[in-house]
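Enquirer:
There are 2 protein chains.
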Amino acid sequence: MTRRAIVLLSGGLDSTTAAAAAQAQGYSLLALTIDYNQRHRRELAAAADVARTLEVARHVVLPVDLRAFGGSALTDEIAVPKGRSDHAMAAEIPVTYVPARNTVFLSLALAWAEAAQAQAIFIGVNALDYSGYPDCRPDFIAAFEAMARLATKAGVGGDWSLTVETPLIALSKAQIVRLGVDLGVDFGRTWSCYDPTPDGLHCGQCDSCLLRRRGFQEAGVPDPTAYA
Amino acid sequence: MTRRAIVLLSGGLDSTTAAAAAQAQGYSLLALTIDYNQRHRRELAAAADVARTLEVARHVVLPVDLRAFGGSALTDEIAVPKGRSDHAMAAEIPVTYVPARNTVFLSLALAWAEAAQAQAIFIGVNALDYSGYPDCRPDFIAAFEAMARLATKAGVGGDWSLTVETPLIALSKAQIVRLGVDLGVDFGRTWSCYDPTPDGLHCGQCDSCLLRRRGFQEAGVPDPTAYA
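Line by line, the protein sequences are chains A and B.
The numbering of the first sequence is our numbering, which starts it at 1 and goes up by one.
The numbering of the second sequence is our numbering, which starts it at 229 and goes up by one.
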C-alpha cells in the first residue's frame, strides 16, 4: 500500500521543497494549508498552485483565524520589519513570529494524519535560516513527536505510528534551493513575502524576502522572483 | 497583576468545573471554545451561557472544522454508541474519539496564552471516567507541557512561562460534581450529550450521558439534566 504523508504547505519555498521531498520518497501527499487570516494572503494562492502542480491526492485549506488571539505582525496591523541585518535576525524573535503557529499547524496535521492513518507529517522548518522562531528548532520537533505518540491511538497500543519529518531542518537556504532544483520544484510558483506590494510583487526587504533572495544568490540559481 | 488563564470551555460539566476552579484560584479567565463542526452543536450555546455566568474577561469561539479530516462519530454521520457497559467503555477507544482533538485544542490555547502572556491553560480532562480517549491521560498532558515550553518564546529564554492545569484529572465524575457544587457551578447550564434529541434533551444513553447521570447519582446531588 502506498504510504501517505500529510504535508504542511504554506506555498513558500521551504514547504514546497519539503512536499517535493516527501513525494520523491514515495509518499502519496495529503496537503494541508492553514488560512490563519495572515495578511500576506497571496501565499494561499501559491499553495493551491503548488498543490495542483504536485498533483497531491487531496488539498485541504483550513481556516483557523489566529488573528483572534493577536500578537504578531503577520496577523495584526503591526509593521513588518524591513532590511534587517543578519545580526538583528539572529539576536531576537521578530514581530513576525506568530505565537505557537507551528504547534497549531502540526496539531492539525496530526488530526488529519490519525484520521487518514498517514505514516508521516512533513514540515519545512529550518533551524539555520529560520528567522529566530522558537518553533523551528529540532528540540521542538522532537518534543512534538513524543507528545503526538501519547496523544493518539498509537499511544494506547494502536498499530498505527507516525513520524514528523523535517527534510530541511539542517539545510541553509542555498542548500534548500539546490535541493528544490534537484527535485524539479518550480520556484516561480512559490511565495515567500510577508508584505506584498499592492501590485503583487515580493517586497524584497522583509526577513523572508531577504533570506529567499540570498538563497538563490548563494546557490547560484537564477531567482524567478519578481521583487519590488 | 491579576494572573490570567486560558480555559478550554466546551460547555460540558467537566470544562465548566475546571473554569470555576481556575476562577477560585484567582485567575482572570480567557475562555476558548472550539467550534469543530461537532454534531452536538447544542454545547456551543451552553459554553456561551457558562461564559456569561462566570463573567469571563473574554470568550472566543473559534471555528476549526475538524470535519474536514473525518474519523469520528462526533463529526461524521456515524452512529453514536448507546448504553455501553463500563467494561465496553474501558476496553476500547470509541468511535466518538475525535483524532487529536485535545492536542488541537491545547495548541490553540497555547497560541492565545502566548499572545496574551497568560500564566496557565486549564483543561477539564479526566483520566478516570474518560471514555477511553488517549489524550486525557496525565502522560499526554506532561508531554504537551514539555513541548509547549520549547514551542514558544519561553523556550528561547523569554521571561514568560506557562503551566497546563488539569484540576479534574484524578477525580471521579462524582467527585467532579461535588467539586462543582462547592464552587457554585450551575450544572443546569452545562451540556454533555453527544446525540441530543430533536427537541433538545440529553439522550441519556451515550457514553457522555451515562457518565454524567451516574456522576450525579454517586455524588448524591440532584441531577438538573432533562434526559429523554
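In this text, a Cβ means the ideal position worked out from N, Cα and C, and glycines have one as well.
These numbers were taken from a predicted model, which means no experiment stands behind them.
#1: Under DSSP, the alpha helix (DSSP H) around A/Pro-138 begins and ends at which residues?
#2: Could you say if the region 262-280 of chain B and the region 392-403 of chain B meet the contact criterion of at least three C-beta pairs nearer than 8 Å?
#3: Short of 6 Å in beta carbon distance, which residues of its chain neighbour B/Leu-338, apart from the five on each side in sequence? Order them along the chain.
#4: In the DSSP output, what is B/Tyr-455 paired with across the bridge?
#5: Taking Cβ-Cβ distances shorter than 9 Å, what residues in chain A pair up with B/Pro-291?
#6: Please state whether the Cβ-Cβ distance between A/Val-304 and B/Ser-335 is less than 9 Å.
#7: If you count every other CB in all the chains shown that lies within 10 Å of the CB of B/Gln-251, and 16 or more means buried, which is it?
#8: Count the other CB atoms, across all protein chains shown, that sit within 10 Å of the CB of A/Pro-134; report buried if there are 16 or more and exposed otherwise.
#9: Check whether chain B comes within 9 Å of A/Glu-165, counting only Cβ atoms and requiring the distance to be less than that.
#10: Once DSSP output is grouped into helix, strand and coil, what is the label at A/Ile-176?
#11: Between B/Leu-439 and chain A, is the shortest Cβ-Cβ distance under 9 Å, so that the two count as touching?
#12: B/Asn-201 versus chain A: which residues are under 9 Å apart at the beta carbon?
#13: On the DSSP bridge list, what partners appear for A/Ile-169?
#14: Rounded to the nearest angstrom, what separates B/Arg-295 and B/Gln-266 at their Cα positions?
#15: Sort B/Asp-435, B/His-430, B/Ala-301 and B/Asp-414 by Cα distance to B/Asp-277 and report the nearest one.
#16: Identify the contact partners of B/Asp-363 in chain A, using a Cβ-Cβ distance below 9 Å as the criterion.
#17: Using only the alpha-carbon positions, how far apart do B/Thr-418 and B/Gly-239 sit?
#18: If B/Ala-447 sits next to B/Ala-402, beta carbons under 8 Å apart, how far is it from one beta carbon to the other, in whole angstroms?
#19: One question on the structure: do A/Ala-170 and A/Ala-118 come within less than 9 Å of each other, judged by their Cβ atoms?
#20: Is B/Tyr-255 close to chain A? Criterion is C-beta to C-beta, closer than 9 Å.
#21: What number of angstroms, rounded off, separates the C-alpha of B/Arg-312 from the C-alpha of B/Arg-442?
#22: DSSP state of A/Arg-3, grouped into three classes?
#23: Assuming the contact rule is C-beta atoms closer than 8 Å, B/Asp-263 and B/Val-289 should be a hit. Round their C-beta distance to whole Å, please.
#24: Answer with buried or exposed for B/Ala-301, where buried requires no fewer than 16 other C-beta atoms within 10 angstroms of its C-beta.
#25: Going by DSSP in three states, A/Pro-222 sits in which element: helix, strand or coil?
#26: Can A/Pro-94 and A/Phe-69 be called in contact, C-beta distance under 9 Å?
#27: In this structure, does DSSP put B/Leu-336 in helix, strand or coil?
Expert: According to the data block:
#1: Residue mapping note: residue 138 of chain A aligns to position 138 of the first sequence, counting from 1. Element bounds for A/Pro-138: 138-151.
#2: no
#3: In the second sequence, the residue the question calls residue 338 of chain B occupies position 110. Within the same chain, B/Leu-338 has close Cβ partners Ala-376.
#4: Here residue 455 of chain B refers to the residue found at position 227 when the second sequence is read from its first residue. Looking at the DSSP assignment, B/Tyr-455 forms a beta bridge with B/His-430.
#5: Position 63 of the second sequence holds residue 291 of chain B. Here the neighbours are Pro-63, Val-64 and Asp-65.
#6: Here chain A has residues from 1 to 228 only, and residue 304 of chain A is not among them.
#7: The sequence position of residue 251 of chain B within the second sequence is 23, counting from 1. Buried, because 16 or more other Cβ atoms sit within 10 Å of the Cβ of B/Gln-251.
#8: On the first sequence, residue 134 of chain A is found 134 positions in, with the first residue counted as 1. Buried.
#9: Within the first sequence, residue 165 of chain A is the residue found at index 165, counting from 1. No, A/Glu-165 does not count as interfacial toward chain B.
#10: Within the first sequence, the letter at position 176 stands for residue 176 of chain A. Helix at A/Ile-176.
#11: Counting from 1 along the second sequence, the entry for residue 439 of chain B is found at position 211. With 9 Å as the cut-off, B/Leu-439 does not count as an interface residue toward chain A.
#12: In the structure displayed, chain B extends from 229 to 456; residue 201 of chain B sits before or after that span and is not available.
#13: The sequence position of residue 169 of chain A within the first sequence is 169, counting from 1. Paired residue(s): none; A/Ile-169 is not in a bridge.
#14: Numbered from 1 along the second sequence, position 67 holds the residue referred to as residue 295 of chain B. Numbered from 1 along the second sequence, position 38 holds the residue referred to as residue 266 of chain B. Between B/Arg-295 and B/Gln-266, the C-alpha separation is close to 8 Å.
#15: Mapped onto the second sequence, residue 277 of chain B falls at position 49. The candidate whose alpha carbon is nearest that of B/Asp-277 is B/Asp-414.
#16: Position 135 of the second sequence, counted from the first residue, corresponds to residue 363 of chain B. What B/Asp-363 touches in chain A: Leu-150, Ala-151, Thr-152 and Gly-155.
#17: Position 190 of the second sequence holds residue 418 of chain B. Position 11 of the second sequence holds residue 239 of chain B. The alpha-carbon atoms of B/Thr-418 and B/Gly-239 are separated by roughly 5 Å.
#18: As a position in the second sequence, residue 447 of chain B is number 219, starting the count at 1. As a position in the second sequence, residue 402 of chain B is number 174, starting the count at 1. At roughly 4 Å, the Cβ-Cβ gap stays under 8 Å, so B/Ala-447 and B/Ala-402 are in contact.
#19: Position 170 of the first sequence, counted from the start, is the residue given in the question as residue 170 of chain A. Position 118 of the first sequence, counted from the start, is the residue given in the question as residue 118 of chain A. Cβ distance not < 9 Å, so A/Ala-170 and A/Ala-118 don't count as in contact.
#20: Taking the first residue of the second sequence as position 1, residue 255 of chain B is located at position 27. Not closer than 9 Å to any Cβ of chain A, the Cβ of B/Tyr-255 fails to qualify, so no.
#21: Sequence index remark: in the second sequence, residue 312 of chain B carries index 84 (1-based). Sequence index remark: in the second sequence, residue 442 of chain B carries index 214 (1-based). Roughly 13 Å separates the two Cα atoms.
#22: Here residue 3 of chain A is taken as the residue at index 3 of the first sequence, counted from 1. Here A/Arg-3 sits in coil by DSSP.
#23: By one-based count along the second sequence, residue 263 of chain B stands at place 35. By one-based count along the second sequence, residue 289 of chain B stands at place 61. With a Cβ gap of about 6 Å, B/Asp-263 and B/Val-289 count as contacting.
#24: Along the second sequence, one-based indexing puts residue 301 of chain B at 73. B/Ala-301 comes out buried.
#25: Counted from its first residue, the first sequence places residue 222 of chain A at position 222. It is coil, neither helix nor strand.
#26: Taking the first residue of the first sequence as 1, we reach residue 94 of chain A at position 94. Taking the first residue of the first sequence as 1, we reach residue 69 of chain A at position 69. Going by C-beta atoms, A/Pro-94 is not nearer than 9 Å to A/Phe-69.
#27: As a working mapping, residue 336 of chain B is identified with position 108 in the second sequence. DSSP places B/Leu-336 in helix when its eight states are reduced to three.
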